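All residue numbers for the sequence shown refer to the working numbering, where the first residue is 103 and numbers rise by one.
Structure first, commentary second.
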Amino acid sequence: MRKSDTDLKSFTEAKGGLKFDVVISDSPSKRTKKVIPSPNKKDVSLSEIEDKLEAAEQRRLSQLFKEQNMRSRRLNRVIEVQKNKNSFIKRFKTKAMESYDKKMRATGRNREAYLKSIQKKNRDLLMRVNEIKNTTLFLREKHFDTFCRKFETAENTRQAQFSSLDEHLNKQDRCIERLQTQIQEVTALLQRFTVNSTNKLTDRI
């Protein structure tokens with residue numbers, strides 16, 4: 103036979119000791135189980151379903167808008183970088199062409215001045231030759247040998263000056279060719295830089 107559960111209801115303190123009131127409870131087999139009622143299922147109406155679907159669609163559209171906005175910002179950034187790159191390349195080309203034109207003009211002016219100087223020297227030399235020719239008959243009998251040597255020296259000097267002029271002009275032509283080659287190399291380098299920058303930007307995106 104099972105022992106009954108007991109409960110201490112109260113106690114009081116007396117002179118002779120402690121006094122307890124003990125309450126004997128019912129047997130566990132006789133206890134009734136508490137039944138917790140299940141919550142009533144809430145009826146979901148069609149309008150509530152439509153509201154939920156509309157809210158879900160709004161969330162989807164909001165997320166889609168955020169993603170589209172992010173893509174737009176990235177695209178604008180790429181466009182801005184491309185624009186800055188094109189502007190930089192354009193300024194660089196403009197400066198390079200201005201520098202090249204300046205060098206070419208300076209080279210042309212120097213060449214023109216040098217040619218004028220040589221032409222003046224040639225005119226002076228021709229005047230001197232004419233003077234010598236005018237006095238040839240007078241000097242032929244007395245100073246024929248001396249005159250011939252002077253004339254030969256003048257002719258050699260003239261030939262040397264023409265040779266020097268040709269050499270200088272050849273140097274100027276070679277300098278111009280080198281400048282043109284450098285401009286072509288710079289243009290090719292800029293094109294490669296443009297292609298590499300575009301590829302890197304595309305890879306990052």
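Built from N, CA and C at the ideal position, the CB exists for glycine as well.
These numbers come from a predicted model, not from an experiment.
- Please report how far the alpha carbon of Asn75 lies from the alpha carbon of Thr300, in whole angstroms. With the chain represented from 103 up to 307, any question about residue 75 goes unanswered, as that position is not in the structure.
- Item | For Ala208 and Arg251, the rounded distance between their alpha carbons | 41 Å
- Message: Once the 5 residues before and after Cys277 are set aside, which same chain residues still bring their CB inside 8 Å of it?
- Response: Thr209
- Task: With Thr209 as the anchor, note down where its alpha helix (DSSP H) starts and where it stops.
- Result: Leu148 to Asn236
- Query: Ile181 to Gln165, Cα distance in whole Å?
  - Reply: Whole-angstrom Cα-Cα distance: 24 Å.
- Beta-carbon spacing of Leu227, Arg280 below 7 Å: no
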